[in-house]
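These notes concern the structure reproduced below.
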């Protein structure tokens, strides 16, 4: 069965038909070409597909496209404001918080949400907060540093 | 977000990576992003059984499903069902059974490929798999290696009735050495099977390119150049008509250094059907289908005098090949063969490895490939010897390691280590760790009967990087060479293309290679484009694995850059009206000696080389240089890793409290990238010790076949690390570099396990199986108590 949905993605409204079973991540990638968001597993463990849905982070493999109807989605491709990088993007570069970059879209979007909830996280809170996002390259050391640095760049205010 | 670095200091600086801007904005080109018109999506029916005869494969149900265009089993594919190649026949009498892309008569592991469906979208192809009928006649599954060779329940391959793939021997003289020993320590270590689990699942797209005969293959691979050669050999497609592209690749760790069943199938079907074919694996598919790593049973004997001098080492291995041999399956354990003696002096070394077929996913290289297994064995047995002798384990190491003034040193295994300074790295690590204070705390807690005990884990390791001198590879029966290529091209506008045969997938080559070239050519880092991973644009190369990219590829960059300067010098001297010997080159500019006002920048020389209006006689237009370097020798990074482990003796819970490592990787091109490589390696090595293990049941089912069941550590499972370095430049590599990709993974596993055993040795424990989960540790303690 097909459904008509209308979703604002990175500031642009996309409308179209989707199958009932289509996951949000597949619609983003294959439906509207937002391939910056990626798929890393099939059990909702890795978090590579994390996006913001109405401002809160979700694993877009765990949301049906139809559930996003009427919502606003922000992906890694819509995080910067024009040429101005989001502080989390800046921090990940400055702290070498990425290597192959495959987990990065999800890691960055999860960080944005983590810092909106807790602008001054401790190391332990960062580690617990990113527990749902797996990285195989960095050992998390520099990711944790990146998140702490992003918090300081953002002034610790919501 | 760009920074300008003085070119003279580009080498050795922690420059922020060029790669990051695109990766941080989702401007990426993963293979799964590629969507060509008319693409057919391939899905694979994989065996649910470890060992069975298959017959009556009925595809008609699948073919009747919506959007399905074609379906094939081995029978329909016929000659197109190419065999997965193995390039390392390690002995003359090795058993090398066929490894067909689609199983012909038997399936030999859960995940073995039986049939494929092609449909106009991926979901339809996947849906149709359920409509394929197959008759399975189950056969006994061969799961346990010792049983496989001693009392085989079945033969995985008829050609190997007792499931023995090969037996490899090296060295000898151990019995004579042991006869002189006061103490002999014997242990059996299990280096368990683990799964590479790179974050980007594998994906392949193949497309016939219109009017030409070319087939282009995009694959999430570490080895586009090797893949092109192997695919040409397997498929019969002329190599010149195959272009292989590794676009953005999301990690590999050895798991993507092969020529796979899926790459063969996608290529053949694109050719047969005349349209693009694409396959992207699911994670659960990856867990059973991508090769696994490690999986050795290690019987280790170390003989020593009563005052702790090592006399001899005997290593007897069973190495699980899994169900088939792929690219370097049989050779992987042998990459560790030379490393079992580690950093220690001794008189005798005897090594034997038996490769064993089982009904499990094939094994092959995984970060370190043979060297982590060797390092684990030697560093664990040294701790056991220390316990036996009643010596402090670091003191025992100091008594036996090669001292810095003894280099170059030829080890009992026959390698010549060019340089090293184990004393310096160890002293620094012990200082950062607070070794003596922690020993004192350990004693206090032991004396007080604290339920949470502290252990100090040591790993003083070395490894061999820079695969490899081609003649050495030939002597080991490896089919290919170990050289690397670089071409550097100055464009008329002064920009630079650096074309490398290495193929990065997270290592930051675009940044680091620019730094090397910048420091020689005086061209800003941001003006150098590193071209890689495409046999059309970077035609020569041996790719990225075995910590070889800098150690070998870096040399090629240096030689090519030096050659380019020499050609430019001829042109500049001509333009400046002096002899080539009278110009000097500094930071990108040629100056006339003694007349610094007369100069010409390298960029201007490039334009002159382009117009060719005023070149000296005999000098060809264009400004480029190339180099293909065969390394003189391996390089030998080393380091000292220390882990403070807390073990709750009542629950078995293990906590990594502090991890310190001091690595000596020689000169560093970019210390930030080096540190990142160490961090990632540590996490993987620590994870093998504490979290990961591919577990099979007695029927050969992989019980850890998803990320829900296989414990990849998260940020919450690991601490921050304290890392540092010492620098003893390699003397056999012109840049003084050694390689760093695998060091962390090689060194950390024994550090963790030595720490755990050290924490509970007083309870009668002398080994703990990996991964050291609370259940395993608790049971080990209980059984020691019972004994």
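Chains as they are written, first to last, in our numbering: chain A, 1027 to 1184; chain B, 62 to 848.
Glycine is no exception: its CB is placed at the ideal position from the N, C-alpha and C atoms.
Item: Whole-Å CB distance - residue 524 (chain B) paired with residue 807 (chain B), under 8 Å assumed; Value: 5 Å
Item: Cβ-based neighbour list, residue 1037 (chain A), same chain, cut-off 7 Å, excluding 5 preceding and 5 following; Value: 1104
Item: For residue 647 (chain B): DSSP bridge partner residues; Value: B:650
Item: Secondary structure of residue 461 (chain B), DSSP reduced to three states; Value: helix
Item: Stretch-stretch touch, CB-based, cutoff 8 Å, three pairs: the stretch 766-780 of chain B with the stretch 661-670 of chain B; Value: no
Item: Alpha-carbon spacing of residue 826 (chain B) relative to residue 845 (chain B), whole angstroms; Value: 6 Å
Item: Inter-stretch contact (C-beta, 8 Å, three-pair minimum) for the stretch 226-235 of chain B and the stretch 403-417 of chain B; Value: yes
Item: Minimum Cβ-Cβ distance from residue 1058 (chain A) to chain B less than 8 Å; Value: no
Item: For residue 196 (chain B), the first and last residue of its enclosing alpha helix (DSSP H); Value: Note, residue 196 (chain B): premise wrong, no alpha helix (DSSP H); beta strand (DSSP E) at 194-199.
Item: Between the CA atoms of residue 74 (chain B) and residue 63 (chain B) - distance to the nearest angstrom; Value: Residue placement at residue 63 (chain B) cannot be trusted, given a pLDDT of 41 that sits under 50; the coordinates are not used to answer.
Item: Cβ shell of residue 1120 (chain A) (< 8 Å), same chain only, five flanking positions each side left out; Value: 1172, 1175
Item: Rounded straight-line distance, which links the Cα of residue 134 (chain B) to that of residue 176 (chain B); Value: 4 Å
Item: Whole-angstrom C-beta distance between residue 514 (chain B) and residue 820 (chain B), which should lie under 8 Å; Value: 4 Å
Item: Secondary structure of residue 539 (chain B), DSSP reduced to three states; Value: coil
Item: Endpoints, alpha helix (DSSP H) assigned at residue 815 (chain B); Value: 804-821
Item: Secondary structure, alpha helix (DSSP H): runs of 4+ residues fully inside the stretch 655-717 of chain B; Value: 663-672
Item: Those runs of the beta strand (DSSP E) which lie wholly inside the stretch 574-623 of chain B and span at least 3 residues; Value: 589-592
Item: Coil, strand or helix - residue 283 (chain B) by DSSP; Value: coil
Item: Per-residue burial, residue 672 (chain B) [other beta carbons within 10 Å of its own, 16 or more giving buried]; Value: exposed
Item: Ordered list of alpha helix (DSSP H) runs contained in the stretch 1154-1183 of chain A, each at least 4 residues; Value: 1167-1179
Item: Secondary structure of residue 725 (chain B), DSSP reduced to three states; Value: strand
Item: Within-8 Å CB hit, residue 72 (chain B) to chain A; Value: no
Item: First through last residue of the alpha helix (DSSP H) which encompasses residue 749 (chain B); Value: 732-751
Item: Beta carbon proximity, residue 776 (chain B) to chain A, threshold 8 Å; Value: yes
Item: Sub-8 Å separation of residue 90 (chain B) and residue 308 (chain B) beta-carbons; Value: yes
Item: Helix, strand or coil at residue 65 (chain B) [DSSP, three-state]; Value: Here residue 65 (chain B) scores only 47 on pLDDT, less than 50, and its place in the model is too uncertain to base an answer on.
Item: Interface partners of residue 1119 (chain A) on chain B, CB under 8 Å; Value: 62, 77, 78, 81, 82, 85
Item: Run of the alpha helix (DSSP H) containing residue 72 (chain B), from where it starts to where it stops; Value: No alpha helix (DSSP H) contains residue 72 (chain B), which DSSP labels as neither H nor E.
Item: Residues of the stretch 1042-1058 of chain A with Cβ closer than 7 Å to any Cβ of chain B, in chain order; Value: none
Item: Same chain, Cβ closer than 7 Å to residue 850 (chain B), neighbours up to 5 away in sequence not counted; Value: In this structure chain B extends from 62 to 848, so residue 850 (chain B) is not present and cannot be described.
Item: Test: residue 1128 (chain A) CB closer than 8 Å to a CB of chain B; Value: yes
Item: Below-8 Å beta-carbon distance, residue 189 (chain B) vs any chain A residue; Value: no
Item: C-beta neighbour in chain B for residue 1146 (chain A), strict 8 Å; Value: no
Item: Extent of the continuous beta strand (DSSP E) run through residue 122 (chain B); Value: Counting along the chain, residue 122 (chain B) falls outside any beta strand (DSSP E), though it belongs to the alpha helix (DSSP H) covering 121-124.
Item: Neighbour list for residue 1100 (chain A) in chain B, Cβ cutoff strictly below 7 Å; Value: Within chain B, no residue comes near residue 1100 (chain A); the closest Cβ sits about 11 Å away, beyond 7 Å.
Item: Cβ of residue 103 (chain B) within 8 Å of any chain A Cβ; Value: no
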